[in-house]
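If you're matching them up, the sequences are chains A and B in order.
Per my numbering, the first sequence starts with residue 3, numbered consecutively.
Per my numbering, the second sequence starts with residue 896, numbered consecutively.
Just so it is clear, CB atoms sit at the ideal spot from N, CA and C, and this is done for glycine as well.
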Amino acid sequence: MTAVSVDGVWKFYGDYPALRDVRLDADAGTCLALIGRNGAGKTTLLRTIAGFSKPGKGAIRIFGQEPRETETRRHIGVIGHGIAVYDELSAHENLTLYARLYGLPDPRRAALEWLEQTGLERVRDGLVREFSRGMRQRLAVARAFLHDPSVLLLDEPFTALDDRAIAVLQRLLREALANGKTVIMSTHQLREALELSSHVALLNRGAVAFHGACTAEMLADPGWVYARYGEG
Amino acid sequence: MAVTRELPDVAVKPATAERRRSSFARLVFVVMAKDLRAELRTKEAVNASLAFAVVILVLFNFAFDLDDPATRTIVGGLLWLVFAFAGTLVLNRSFARELPNDCLDALVAAPVSGATLFLGKALANYLLVLAVELVSLPVFGIFYNVWFPFGQMLVVLALGTWGITVIGTVFSALTVNIRLREVMLPMLTYPMLVPALMGSMVLTAQLATGIPIWGESATWLKVLVGFDVLYTAAALALVETVLVG
C-alpha cells in the first residue's frame, strides 16, 4: 500500500523553483532517506508533504488523502528543525497539550507513558526552558511519536542529538518500521540514516536525481550515491 | 468527516474515539488555556501592556484641564487610544510566542482547524486585554474623576475589546514571520479597527456624560456589534489561508 505519494510537485519561492517536478512514493512499512546538499529542497519537500505549505503544482497524498485534511493529519508525526515544545510549560504539560490536540483518549496518561519511553519521567514537572539540549530533543521525539502516527516525517532528526537521544530515536524508528509505519527523513548523517532506510531519494537543486532501493554499495560507502548520481 | 478506507486501521481507532470527545469548543479551550498558562508564567506581554496603559493615563492627566467640563467629552477617545495601543502589546506576542521552537508548525500539523487555533488564541488574548483594561479603568477613574456605570461600561469594554482582539489576532498570524512584525502589526491593525474604535469611543463618551448606551442612542452599540460579527466571520474564513497559504 502506498503511504505517501508525491506526484509532479513544484514549489516556488517567488520565481525560484525550490522543488521541480518531484515524483516519489513511499510504501507503508518502508523508510525513505531524503539526501542532498544544503538547499537541494529536502526541507521544503518534507514541509510540503506535512501540509505546512501547499505545492505550486502537483499533488501530495497521504494514504490517498490531502495532507491538510483533518483526518490525514492524525496520521502524520513531524520532527522539524525546531523541537516544537513550549519553554514556558513543563514536559508533562507539553505532551498533555499535544495529546489533547490529537484527541488521545487519556491525554495525561499518554503523556506520562511517553515521558517514560524517552527517559524524562523524573523531570516531568520541570519547565522545558530549564532542560538540557538532549532532554529537549528527547521531548521533541516523544511529541512526534505521542499519537502513534502512521507516517513520520523527520527533518535531519539525528543532527545535534546526543548519544542517548540518538539511541532513543533509532529504537523508536525501528519499532515503528516493524509495526508497519512509514518514515521519510531528510538527513546529512548518511550512515545512521542508511542503516534504517529501505529506500533513498537524492534531491539535486529541487529535482529528484535518484530514487530507489538502498543498495549494498550505498551501505558500504554512504558517499557513493552522491558520486554516482549527484553533485559528488 | 468520513475516514477513507485507505487510512490504516491501527491509526483510525484513536481518531474515532477522539471524535466523540473533542468537540470544537473543547479544542478551542485547550489552545486558550495553553496560551494563558504560557503568558501567566512569563507575564511579559501583560506586564508591558499594563505598565504602558498606566503610564499613558498618568501622562494624559497632566495634559488636560480636568475641571473643564469639555474634558468629559474626550475621555472616550483617550481611554480607547490607550486600550488600543496597550492591546497591541499583548496581541504582538500571540503568534510570536509560537516562533522560538517552531511550535507554530506543530500546531498547524495537529488535526485541528485553523478556526480552532484562531478562536483559542483570540479568546486568550481577549481575556488578557480585558484584564489590562479592567485594571486600568479604576486608575483612569481616580486620575480623571470620571466614573462609568459599571454594567454599561462592561458591555462597551466587552464589545470594543473583542473587535481589537479579533482583528489583532488575525493580523498577528499574518505578520508572525515578518522581521518587522512589531511595526507592521499596528500599521495593519489600526486602520481596520477604526469603526470598532469609533463606536467604543462614542459610547464611552456618552457614558461619561451620563447618556445610556441603549435606548435612543443605541446606534453605535449596533454598529459595534455589527462590526464584531463581521470581523469574526471574516477572520474565521481567512485564518486557514493565513496559516498555511
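Item, Value
"Quick one: which chain E residues come within Cβ less than 8 Å of residue 925/B?", "Absent from the structure is chain E; the protein chains it does hold are A and B."
"With a cut-off of 7 Å, does the C-beta of residue 177/A fall near any C-beta of chain B?", "no"
"Got a sec: is the Cβ-Cβ distance from residue 930/B to anything in chain A below 7 Å?", "no"
"Name, going along the chain, the residues of the stretch 78 to 95 of chain A whose beta-carbon falls closer than 8 Å to a beta-carbon of chain B.", "78, 80, 82, 83, 84, 85, 86, 87, 88, 89, 90, 91 and 95"
"Can you tell me the Cα-Cα spacing of residue 1139/B and residue 140/A, whole angstroms?", "27 Å"
"List, in chain order, every chain A residue whose beta-carbon is nearer than 9 Å to that of residue 922/B.", "102, 103 and 105"
"Along the alpha helix (DSSP H) that carries residue 1138/B, what are the first and last residues, could you check?", "1114 to 1139"
"Quick check: residue 1050/B and residue 1126/B, are their CB atoms within less than 7 Å of each other?", "no"
"Below 7 Å on C-beta distance, what does residue 32/A contact in chain B?", "Neighbours of residue 32/A on chain B: none; closest Cβ ~14 Å, over 7 Å."
"Are the C-beta of residue 967/B and some C-beta of chain A separated by less than 7 Å?", "no"
"Could you tell me which residues DSSP pairs with residue 36/A in its beta bridges?", "188/A and 203/A"
"Give me whichever residues DSSP pairs with residue 1106/B in a beta bridge.", "Looking at the DSSP assignment, residue 1106/B forms no beta bridge with any residue, so it has no partner."
"Among the residues of its own chain, which have a CB less than 7 Å from the CB of residue 1106/B, if the five just before and after it don't count?", "1112"
"Mind the definition here: the stretch 921 to 935 of chain B touches the stretch 947 to 963 of chain B only if three or more C-beta pairs lie below 8 Å; say whether that holds.", "no"
"Give me the Cα-Cα distance between residue 186/A and residue 1086/B, rounded to the nearest whole angstrom.", "45 Å"
"Using the rule of at least 16 other Cβ atoms within 10 Å of the residue's Cβ for burial, across every protein chain shown, is residue 900/B buried or exposed?", "Only weak support is given to the placement of residue 900/B: the predicted model assigns it a pLDDT of 41, under 50, and the value that follows is read from those uncertain coordinates. With fewer than 16 other Cβ atoms within 10 Å, it is exposed."
"Restricting to Cα atoms, I'd like to know which of 1046/B, 947/B, 1066/B and 1114/B is closest to residue 849/B.", "Lying before the first or after the last residue shown, residue 849/B is absent from chain B, which here runs from 896 to 1140."
"At least one CB of chain B closer than 7 Å to the CB of residue 230/A: is that the case?", "no"
"Going by other Cβ atoms of all chains shown within 10 Å of its Cβ, with 16 needed for buried, is residue 946/B buried or exposed?", "exposed"
"Return yes when the Cβ of residue 1041/B is within less than 7 Å of the Cβ of residue 1097/B, no when it is not.", "no"
"Could you compute how far the alpha carbon of residue 1047/B sits from the alpha carbon of residue 1109/B?", "9 Å"
"Would the stretch 1005 to 1019 of chain B count as touching the stretch 930 to 947 of chain B if we require 3 or more Cβ pairs under 8 Å?", "yes"
"Compare the C-beta of residue 111/A against all C-beta atoms of chain B and say whether one is closer than 7 Å.", "no"
"Check whether the stretch 37 to 45 of chain A touches the stretch 59 to 74 of chain A, counting contact only when three or more Cβ pairs, one atom from each stretch, lie closer than 8 Å.", "no"
"For the alpha helix (DSSP H) containing residue 125/A, list its first residue and its last residue.", "Residue 125/A -> no alpha helix (DSSP H), and no H or E assigned at all."
"Determine whether the Cβ of residue 76/A lies closer than 7 Å to any Cβ atom of chain B.", "yes"
"Select from the stretch 1013 to 1034 of chain B all residues with a C-beta closer than 7 Å to any C-beta belonging to chain A, and list them in chain order.", "none"
"Compute every distance between the C-beta of residue 980/B and the non-hydrogen atoms of the ligand MN, then say whether any falls below 6 Å.", "Because no ligand of any kind appears in the structure shown, any question about the ligand MN cannot be addressed here."
"Run the CB neighbour count on residue 1/A, radius 10 Å, all protein chains shown included, and call it buried at 16 or more, exposed below.", "Given a span of 3 to 234 for chain A in the structure shown, any question on residue 1/A remains unanswerable."
"Could you round the C-beta distance between residue 70/A and residue 1006/B to whole angstroms and report it? I think they count as a contact, below 8 Å.", "Not a contact, Cβ separation roughly 10 Å."
"Determine, using beta carbons only, whether residue 45/A and residue 127/A come nearer to each other than 7 Å.", "no"
"Just to confirm the assignment, what range does the beta strand (DSSP E) spanning residue 1038/B have?", "No beta strand (DSSP E) holds residue 1038/B; the alpha helix (DSSP H) holding it covers 1009 to 1039."
"In angstroms, rounded to a whole number, what distance separates the CA positions of residue 138/A and residue 966/B?", "56 Å"
"Are there 16 or more other CB atoms within 10 angstroms of the CB of residue 1124/B, so buried, or fewer, so exposed?", "exposed"
"Please tell me whether residue 996/B has its Cβ less than 7 Å away from any Cβ of chain A.", "yes"
"Which of the residues in the stretch 933 to 945 of chain B, read from start to end, lie with their CB under 7 Å from any CB of chain A?", "933, 936 and 937"
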